[in-house]
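**Student:**
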Amino acid sequence: MIIELGHYALVLALATALIQSVLPLLGVRRGDRALVELAGSAAIVSFLLVAFSFAVLTFAYVTSDFSVRNVWENSHSLKPLVYKISGVWGNHEGSMLLWLLILVFFSALVAGFGRNLPETLKANVLAVQAWIAAAFTLFILLTSNPFARLVPAPGEGRDLNPVLQDIGLAIHPPLLYLGYVGFSVCFSFAIAALIEGRIDAAWARWVRPWALTAWTFLTAGIAMGSYWAYYELGWGGWWFWDPVENASFMPWLAGTALLHSALVMEKREALKIWTVLLAILTFSLSLLGTFLVRSGVLTSVHAFATDPTRGVFILVILIVFIGGALSLFAFRASHLKSGGLFAPISREGALVLNNLILTTATATVLTGTLYPLVLEALTGDKISVGAPFFNMTFGLLMLPLLFAVPFGPLLAWKRGDLLAAAQRLFAAVGAGLLFAAAVYYARNGGPVLAVLGIGLGVYLIVGSITDVALRSGLGKAAGRVALRRFLGLPRSAYGTALAHIGLGVTLIGIVAVTAYETETVLEMKPGMLVDAGGYSIRFDGMRQGRGPNYTEDTGHFTVSRGGVKVTEIWSSKRLYSARRMPTTEAGIRTFGLSQLYVSLGDEITGGGIVVRIWWKPLILCIWGGALVMMAGGIVSLSDRRLRVGAPSRARTARLAAGAAE
Amino acid sequence: MTRKQKRLAIIGGGVGFLTAAVLLVMFAFSQAVAYFYVPGDLAKADLAPGTRIRLGGLVEAGSVKRGDGKTVTFSVTDTLATVPVTYSGILPDLFREGQGVVAEGSFAAGRSVFVADTVLAKHDETYMPKDVADRLKAQGVTLGGKENIQ
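In the order they appear, the protein sequences are chains Y and D.
Letter by letter, the first sequence follows residues -17 to 643 in the numbering used here.
Letter by letter, the second sequence follows residues 124 to 273 in the numbering used here.
This is the structure:
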């Protein structure tokens, strides 16, 4: 019964979304206040309905109600509670419901927090959000109903795919969705602005917090996913340029560009049309990602063609929304007044360079992701585009941006002085070169590119600090004055510095791991020793164990340095009983920012086992940098300017003006 | 600078960068992608030694042999032709005889043994890499067991 209520709530949510998608627009046209205000309440009701529906599905999972097909396919009564809950979004239907939940959650946030928005704009934004919500609710109800029943109900479920039974994957999808569905708000703001045909600096100020929120979550989601892949798959890699990863990385790149261009628009009223276009493109890439991941088109164009309902449905959503939005843009953009001019060497110029590079890099990732699909559909040739392609294109294109990042904040708006900025960066360049030399010396040479890469990371970090230091007058003013000035800086200045520092930290991690990691694959018998990263690792033997829904063989290793025992590592292979599926649980030990990573292979007759041991120097910098970037996002989000909002004329006056148009 | 010059500088820089990006992408496509083959296709394909490809098919039953611990040899077959493969490293959890596999690597000069540096067998036990399934079907090999789309 409760299951049917959940299903019914979803149907009601569709009805609410349809109302929300039409009536507020009508209200704005006719100047009908009641209809305009309807948008907010409809958004909140919609959220409550979807939340109820989601809660019902969660309840079915927690109580192991195998009469629900979705629960039967993806759960097991012996599974730990946390994985019963995460199982809700560990499958297609449930994850689409989560997608929808987060979409309506953001609509409700706009309804709740958007008090300082002009009512017409808010109504239009919520209406656009409702279009998206209606489309995806319809998709779930027609093609991916998570509430379908099974008669008779089976006694036991088929269990969740074991690699998904992990805490990292329990929280990865919600974070990721909060990120890329969050960009829907920016999209809706862009469409609303195009519908109204008016756009100004205040618009950018309203959009920026949403873009920042989404960007911060997306950063967290991507970093989490990368770390999950690293420790759970047992391959020791942290990024595979897999299309599924690219699907979340492209909105991140475009979203990063959006954050920067919205800044120009807010401060200088320039780049308006471009910012609107970016807002549309960013969410379009989110939709494209959803299509790639959810339609099955990635495993094969053929798989997609043989079971096309879902894929075609999302494809239609994709075409309608992206096509519609871009047509509206083409039609309306010329009506938008473009803003102030600026010299190529200026803060604006630097941000344009940022946007140029980021969008080009996004385009190369997009090309690399879609090209195999297009080629297979057209010619039948199958190719794999992997790391070599992306390193060659994306990596090279991003390089100039990394050099340019510290310059941006040091250039003045309108007309900047490149030479002065360069002089201020002497310290950063010096620190970078010094550090590179130190690394070169410490490693007795080594690849020059890697050394320079690490130097570049240090330059990024010091260069980002330079801006904050100069602005607080460090070294010139007295210590106390400098401190007071430092504390008085707007939070967005810290945010910028932190985000850029994070980039440098991540870069150092990537370069260090790529250049200096060591990998040893060998057959080990109990008592054997092997060296990695200056540690000596002894294999002590295998031991059998059992968990709630699996059995495991665990290898025991003792790590010592200079003859003194430092720590122990357990690395295991598990066999999950319900699916008879083996997984590798790598043994990982952290030393400072570096890690030892031990994963087991096959046992060999005679008591030996194949063991793969990696030394991953500074690998934690990769995700640590992402954490610093997130901190930057959060600090920037707490800036007073974004909370207060731009001054606006009386709302009623706007409403009347909107109706008169 | 005049208005016009400013605009020109920005547009010129942008176009220049984009052109460089396009050239780079085209170059990378010609260099850094791996084509997919099943053993039966190899006779027709004219591969230069050292060309990176992905070789897909089934692991031939009884063909898996371990050398000195970490080196493994096995044969990939599509029932029309069979290619011997050597690989140094740990095979994925789901690597089994009679199951689907994709090996990435190249033929050394002389072209008899495929040297793989990556071996993939995906997360699901019923998973047959779709590339393999498609090609095998196209060559008339019927596959037992259910297929899993995810």
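Quick reminder that beta carbons are idealized off the backbone N, C-alpha and C, glycines included.
None of the values given here were measured: they were computed from a predicted structure.
Please classify Y/Asn426 as buried or exposed, where buried requires at least 16 neighbouring CB atoms within 10 angstroms.
**Tutor:** In the first sequence, residue 426 of chain Y corresponds to position 444, counting from 1. Flag for Y/Asn426 reads exposed.
**Student:** Span of the beta strand (DSSP E) holding Y/Met506?
**Tutor:** As a position in the first sequence, residue 506 of chain Y is number 524, starting the count at 1. Where Y/Met506 is concerned, the enclosing beta strand (DSSP E) stretches over Thr500 to Met506.
**Student:** Should Y/Arg466 be labelled buried (16 or more other beta-carbon atoms within 10 Å of its own) or exposed?
**Tutor:** In the first sequence, counting from the first residue as 1, residue 466 of chain Y sits at position 484. It is exposed - the Cβ of Y/Arg466 has fewer than 16 other Cβ atoms within 10 Å.
**Student:** Taking D/Gly181 as the reference, which of D/Gln128, D/Phe140, D/Phe230 and D/Tyr160 has the closest Cα?
**Tutor:** If you number the second sequence from 1, residue 181 of chain D lands on position 58. Position check: residue 181 of chain D holds Leu in this sequence, whereas Gly was assumed. The option with the nearest alpha carbon to D/Leu181 is D/Tyr160.
**Student:** Between Y/Phe472 and Y/Arg622, what straight-line distance do the alpha-carbon atoms span, to the nearest angstrom?
**Tutor:** To locate residue 472 of chain Y, count along the first sequence from 1; it is residue 490. To locate residue 622 of chain Y, count along the first sequence from 1; it is residue 640. Here residue 472 of chain Y turns out to be Pro, not Phe, going by the sequence shown. Spanning the two alpha carbons is a distance of roughly 8 Å.
**Student:** Would you verify that the beta carbon of D/Val156 is, or is not, closer than 9 Å to some beta carbon of chain Y?
**Tutor:** Counting from one through the second sequence, the residue named residue 156 of chain D turns up at place 33. Interface residue, yes.
**Student:** Could you check where the alpha helix (DSSP H) with Y/Phe311 kicks off and where it finishes?
**Tutor:** Along the first sequence, read from residue 1 onward, the residue named residue 311 of chain Y stands at position 329. Segment Gly306 to Arg314, the alpha helix (DSSP H) holding Y/Phe311.
**Student:** Closer than 8 Å is the cut-off here; do at least three beta carbon pairs connect the region 261 to 272 of chain Y with the region 297 to 306 of chain Y?
**Tutor:** The answer is yes - the region 297 to 306 of chain Y touches the region 261 to 272 of chain Y, with three or more Cβ pairs under 8 Å.
**Student:** Is the number of C-beta pairs between the region 356 to 374 of chain Y and the region 151 to 160 of chain D that are closer than 8 Å three or more?
**Tutor:** The answer is yes - the region 151 to 160 of chain D touches the region 356 to 374 of chain Y, with three or more Cβ pairs under 8 Å.
**Student:** In this structure, does DSSP put D/Asp164 in helix, strand or coil?
**Tutor:** For the purposes of this step, residue 164 of chain D is taken as the residue at position 41 of the second sequence. Note: D/Asp164 maps to helix in three-state DSSP.
**Student:** Measure the CB-CB distance between Y/Val487 and Y/Val610 and report whether it falls below 9 Å.
**Tutor:** Residue mapping note: residue 487 of chain Y aligns to position 505 of the first sequence, counting from 1. Residue mapping note: residue 610 of chain Y aligns to position 628 of the first sequence, counting from 1. Yes. Within cutoff.
**Student:** Helix, strand or coil, according to DSSP, for D/Thr249 in the structure here?
**Tutor:** In the second sequence, counting from the first residue as 1, residue 249 of chain D sits at position 126. Its pLDDT being 41, under 50, D/Thr249 is placed unreliably in this model, and the value from its coordinates should be taken loosely. Coil at D/Thr249, not helix or strand.
**Student:** Can you give the Cα-Cα distance for Y/Thr540 and Y/Leu194, rounded to whole angstroms?
**Tutor:** Taking the first sequence and counting its residues from 1, the one referred to as residue 540 of chain Y is at position 558. Taking the first sequence and counting its residues from 1, the one referred to as residue 194 of chain Y is at position 212. Answer to the nearest angstrom: the Cα atoms are 45 Å apart.
**Student:** Suppose the cutoff is 6 Å on Cβ atoms and the five residues either side in sequence are ignored; what does the same chain contact list for Y/Val503 look like?
**Tutor:** For the purposes of this step, residue 503 of chain Y is taken as the residue at position 521 of the first sequence. Counting only Cβ-Cβ distances below 6 Å, and skipping sequence neighbours, we find Arg594.
**Student:** With Y/Ala403 and Y/Leu415 assumed to form a contact (beta carbons below 8 Å), what rounded beta-carbon distance in angstroms separates them?
**Tutor:** The residue labelled residue 403 of chain Y in the question sits at position 421 within the first sequence. The residue labelled residue 415 of chain Y in the question sits at position 433 within the first sequence. Y/Ala403 to Y/Leu415, Cβ: 18 Å. No contact.
**Student:** Quick check on Y/Gly589 - is its C-beta less than 9 Å from some C-beta in chain D?
**Tutor:** One-based indexing of the first sequence puts residue 589 of chain Y at position 607. Cβ-Cβ to chain D under 9 Å: no for Y/Gly589.
**Student:** Report yes if the C-beta distance between Y/Trp552 and Y/Gly529 is below 9 Å; otherwise report no.
**Tutor:** By one-based count along the first sequence, residue 552 of chain Y stands at place 570. By one-based count along the first sequence, residue 529 of chain Y stands at place 547. Cβ distance not < 9 Å, so Y/Trp552 and Y/Gly529 don't count as in contact.
**Student:** Give the interface partners of D/Phe159 over in chain Y, defined as CB-CB distance under 7 Å, in chain order.
**Tutor:** Numbered from its first residue, the second sequence carries residue 159 of chain D at position 36. Neighbours of D/Phe159 on chain Y, chain order: Lys364, Ile365 and Ser366.
**Student:** Compute the distance between the beta-carbons of Y/Ile(-15) and Y/Arg131, then report whether it is under 9 Å.
**Tutor:** Mapped onto the first sequence, residue -15 of chain Y falls at position 3. Mapped onto the first sequence, residue 131 of chain Y falls at position 149. The answer is yes: Cβ separation under 9 Å.
**Student:** DSSP three-state call for Y/Ala186: helix, strand or coil?
**Tutor:** By 1-based counting over the first sequence, the position of residue 186 of chain Y is 204. Correct three-state label for Y/Ala186: helix.
**Student:** Please determine if the region 489 to 500 of chain Y and the region 432 to 442 of chain Y are in contact, where contact requires at least 3 C-beta pairs separated by less than 8 Å.
**Tutor:** Counting Cβ pairs under 8 Å, three or more are found: they touch.
**Student:** Kindly indicate if chain D contains any beta-carbon less than 9 Å away from that of Y/Gly350.
**Tutor:** Looking up residue 350 of chain Y in the first sequence gives position 368. Output row for Y/Gly350: interface = yes.
**Student:** Give the C-beta separation of Y/Gly445 and Y/Ala475 to the nearest angstrom, bearing in mind that I take them to be a contact with Cβ-Cβ under 8 Å.
**Tutor:** Within the first sequence, numbered from 1, the residue matching residue 445 of chain Y stands at position 463. Within the first sequence, numbered from 1, the residue matching residue 475 of chain Y stands at position 493. About 14 Å separates the two Cβ atoms, so there is no contact after all.
**Student:** Y/Leu260 and Y/Asn336 - do their beta-carbons sit closer together than 9 Å?
**Tutor:** Numbered from its first residue, the first sequence carries residue 336 of chain Y at position 354. Numbered from its first residue, the first sequence carries residue 260 of chain Y at position 278. No, Cβ-Cβ distance for Y/Asn336 and Y/Leu260 is not below 9 Å.
**Student:** Please report whether the beta-carbon of Y/Pro155 lies at a distance below 9 Å from any beta-carbon of chain D.
**Tutor:** Taking the first sequence and counting its residues from 1, one reaches residue 155 of chain Y at position 173. No - not a single Cβ of chain D is within 9 Å of the one on Y/Pro155.
**Student:** So, does the region 184 to 191 of chain Y touch the region 222 to 233 of chain Y, judging by three or more C-beta pairs under 8 Å?
**Tutor:** The region 184 to 191 of chain Y, when compared against the region 222 to 233 of chain Y, does not touch it at the 8 Å Cβ threshold.
**Student:** Measuring straight from C-alpha to C-alpha, what distance separates D/Thr249 and Y/Val433?
**Tutor:** Here residue 249 of chain D refers to the residue found at position 126 of the second sequence. Here residue 433 of chain Y refers to the residue found at position 451 of the first sequence. For D/Thr249, the predicted structure reports a pLDDT of 41, less than 50, and the residue's modelled location is therefore unreliable. The matter cannot be settled from this model.
**Student:** Less than 8 Å between the CB atoms is what I'm expecting for D/Pro162 and D/Thr200, so what's the real figure, rounded?
**Tutor:** Locating residue 162 of chain D in the second sequence gives position 39, counting from the first residue. Locating residue 200 of chain D in the second sequence gives position 77, counting from the first residue. Their Cβ separation, rounded to whole angstroms, is 6 Å, which keeps D/Pro162 and D/Thr200 in contact under 8 Å.
**Student:** Suppose you measure from the CA of Y/Leu80 to the CA of Y/Gly218; what does that come to, to the nearest Å?
**Tutor:** What you label residue 80 of chain Y is simply residue 98 of the first sequence in a count that begins at 1. What you label residue 218 of chain Y is simply residue 236 of the first sequence in a count that begins at 1. One C-alpha to the other measures close to 30 Å.
**Student:** What is the residue span of the beta strand (DSSP E) that Y/Leu557 lies within?
**Tutor:** For the purposes of this step, residue 557 of chain Y is taken as the residue at position 575 of the first sequence. Here the beta strand (DSSP E) through Y/Leu557 covers Val546 to Tyr558.
**Student:** With 16 other CB atoms within 10 Å as the buried threshold, where does Y/Leu(-8) fall?
**Tutor:** The residue you call residue -8 of chain Y lines up with position 10 of the first sequence. Y/Leu(-8) is buried by the Cβ-count criterion.
**Student:** Rounded to whole angstroms, what's the CA-CA distance from Y/Ala642 to Y/Ala(-5)? Just pull it up for me.
**Tutor:** Stepping through the first sequence from its first residue, residue 642 of chain Y is reached at position 660. Stepping through the first sequence from its first residue, residue -5 of chain Y is reached at position 13. Low per-residue confidence applies at Y/Ala642: pLDDT is 43, beneath 50, and the placement is therefore not dependable, though the value from the model is reported in the following sentence. Looking at the two C-alpha atoms, the distance is approximately 32 Å.
**Student:** In this structure, does DSSP put Y/Val510 in helix, strand or coil?
**Tutor:** Counted from its first residue, the first sequence places residue 510 of chain Y at position 528. Val is not the amino acid found at residue 510 of chain Y; the sequence shown has Met there. Coil.
**Student:** To the nearest angstrom, how far is it from the Cα of Y/Gly527 to the Cα of Y/Ser554?
**Tutor:** Position 545 of the first sequence, counted from the start, is the residue given in the question as residue 527 of chain Y. Position 572 of the first sequence, counted from the start, is the residue given in the question as residue 554 of chain Y. If I take the Cα positions, the gap works out to 10 Å.
**Student:** Determine the direct distance from the alpha carbon of Y/Pro233 to that of Y/Ala(-3), and round the result to whole angstroms.
**Tutor:** Within the first sequence, residue -3 of chain Y is the residue found at index 15, counting from 1. Within the first sequence, residue 233 of chain Y is the residue found at index 251, counting from 1. When rounded, the distance between both Cα atoms is 30 Å.
**Student:** Quick check on DSSP: helix, strand or coil for Y/Val302?
**Tutor:** For this step, residue 302 of chain Y is matched to residue 320 along the first sequence. It is helical.
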